[in-house]
Amino acid sequence: MYRHRTLETYLSRVSNQFPVLLVTGARQVGKSTLLRKLAEPGRTIVTLDDPLVLNLARSDPALFFQRFTPPLVIDEIQYAPGLLPYIKMQVDLSQKPGLFWLTGSQQFHLMKGVSESLAGRIGIVQLLGLSRAELAGRGLNASPFIPTVEELEKRSSLAEPLLLNDLYRMIWLGGFPPIALNAITDRSLYYGSYVQTYLQRDVHDLARVGDEMAFFRFLRASAARTGQLLNVADLARDADVAVNTAKSWLAILLASGVIYLLEPYHTNLTKRMVKAPKLYFLDTGLCSYLTEWSSPETLEAGAMSGAILETWIMSELLKSYLHNGQRAPFYYYRDKDQKEIDLLIVRDGTIYPLEFKKTASPGQKDVQHFRLLGKLNMPTGFGGVICLTETYLPLTESAASIPVALI
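Per this note's numbering, the sequence shown starts with residue -8, numbered consecutively.
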């Protein structure tokens, strides 16, 4: 059951411009499926998950490229970074676009080898799990979210209602295609296997973690903090590891596409603002599994209900940018007086403020902190509260209630 991915159009442009295309993202988000779907006849597909192929790639890269000639898809390139210099040599000889399509589940781990071997020759894109638009079959028409009046009215005219139970079921299942597209799959079995594979392969490859159980505790403690300010010392204490270990393991979660850190917006004029990032899990299904919510109903009624909704909204907004090949210009605002704005989208020199609330009846009080943006000396655009309301309605002259169905 393939769903068209928003990234498809952008990938074609990248492949027509660069000799090498690299799609990064967490394990199981659909990188290999996407490239297989886009691969033209004659493009060979090789996966380094195959032990025999991997052994050849590591032991004799020159022979590997005699056996497998471009145009070529190489899946999970991080397992054999020694191939990158040979890819560079072939690219420099041929000078043709689209020779190599690569996937990698460890984006930042790869960057050193990529920057050293393929600088100027490679286009790098990131894929997350299925977005709501992609699940609904509207992936090819999805655009980056920006809360202008014109964009919100356009989305409002096209949106279908999203009921509370359906929303939290979507959040509980998550965006990994094997689970999101197949409701009869045993969710607990899937995520249990996913975590085990992640611990045994990606974590070991990124840093030789000796104590898998300690890392699993750290992973669960991180999931419990989704949507919160990152306090590494508290996280280390709850996982019962050293602070330096926690910092190293956070880098692993980032490198393997499990978490996203939302940085605060600050300038020299805003020194009183908090500078710690906020932590978000990129997949709400994995987050819900790690925090042991057994059903969509218990998740919706439980203590993490608001935080997991905020996490899902953030991941959907991120997908709207990343899957269109654009950097997400996202920040949050929080000062030392505890006044906070959940998200600032900074685009073309204008700040668009957004709040995330689990409410169907937002009011002007929910956007009162938007006035604080005046001290940043930048134009402030239209904003609003993304929430469970059914209709798009103005709250003030410059803010509205935005149904979650519009993102």
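Don't be surprised by glycine CBs; every beta carbon is placed ideally from N, CA and C.
Taking the DSSP output, what are the residues bridged to residue i?
i, result
"residue 41", "Beta-bridge pairing links residue 41 to no other residue."
"residue 325", "331"
"residue 317", "Bridge partners of residue 317: none, in fact."
"residue 92", "12, 64"
"residue 376", "346, 392"
"residue 234", "Answer by DSSP bridge pairing: none, since residue 234 is not bridged."
"residue 338", "341"
"residue 251", "271"
Restricting to Cα atoms, I'd like to know which of the options is closest to residue i.
i, options, result
"residue 366", "353, 375, 342, 338", "342"
"residue 323", "268, 217, 4", "268"
"residue 185", "247, 270, 232", "247"
"residue 128", "205, 4, 36, -5", "-5"
"residue 165", "387, 135, 86, 279", "279"
"residue 477", "35, 331, 316, 283", "Summary: the structure shown does not reach residue 477, with the chain confined to residues -8 through 398, and so no result is reported for it."
"residue 297", "5, 13, 346, 192", "346"
"residue 372", "389, 356, 363", "389"
"residue 233", "221, 9, 205", "205"
"residue 57", "304, 44, 319", "44"
"residue 35", "60, 22, -2, 359", "60"
"residue 396", "368, 299, 153, 334", "153"
"residue 96", "120, 286, 148", "120"
"residue 401", "392, 255, 334", "The structure shown does not extend to residue 401, since the chain spans only -8 to 398, so no value can be given for it."
"residue -2", "118, 13, 79, 9", "118"
"residue 314", "133, 216, 78, 143", "133"
Buried or exposed, going by whether 16 or more other CB atoms sit within 10 Å of the CB of residue i?
i, result
"residue -7", "exposed"
"residue 53", "exposed"
"residue 179", "exposed"
"residue 370", "exposed"
"residue 260", "Low confidence applies here, because residue 260 scores a pLDDT of 49, under 50, leaving its location unreliable and the question unanswered by this model."
"residue 125", "buried"
"residue 325", "buried"
"residue 33", "exposed"
"residue 16", "buried"
"residue 339", "exposed"
"residue 110", "exposed"
"residue 244", "buried"
"residue 69", "buried"
"residue 183", "exposed"
"residue 4", "exposed"
"residue 327", "exposed"
"residue 302", "buried"
"residue 177", "exposed"
"residue 143", "buried"
"residue 344", "buried"
Cβ atoms of residue j and residue i: under 8 Å apart, would you say?
i, j, result
"residue 93", "residue 11", "yes"
"residue 140", "residue 2", "no"
"residue 394", "residue 150", "yes"
"residue 66", "residue 37", "yes"
"residue 138", "residue 354", "no"
"residue 379", "residue 350", "yes"
"residue 26", "residue 64", "yes"
"residue 237", "residue 207", "no"
"residue 7", "residue 88", "yes"
"residue 163", "residue 290", "yes"
"residue 321", "residue 363", "no"
"residue 24", "residue 131", "no"
"residue 170", "residue 181", "yes"
"residue 91", "residue 398", "no"
"residue 360", "residue 332", "yes"
"residue 122", "residue 311", "yes"
Closer than 7 Å by C-beta to residue i: which residues in its own chain qualify, once you throw out the five before and the five after it? Chain order, please.
i, result
"residue 48", "39, 55, 71, 74"
"residue 214", "272, 278, 281, 282"
"residue 250", "213, 244, 270, 271, 272, 273"
"residue 28", "-7"
"residue 387", "355, 358"
"residue 293", "284"
"residue 275", "162, 165, 299, 302, 303, 306"
Going by beta carbon distance, what residues of the same chain come within less than 8 Å of residue i, once the five residues before and after it are set aside?
i, result
"residue 212", "226, 229, 230"
"residue 223", "234, 237, 238, 241"
Taking 6 Å as the limit between beta carbons, can you name the residues of its chain near residue i, skipping five residues before and five after?
i, result
"residue 306", "273"
"residue 287", "159, 160, 163"
"residue 14", "22, 94, 116, 118"
"residue 76", "108"
"residue 256", "322, 324, 335"
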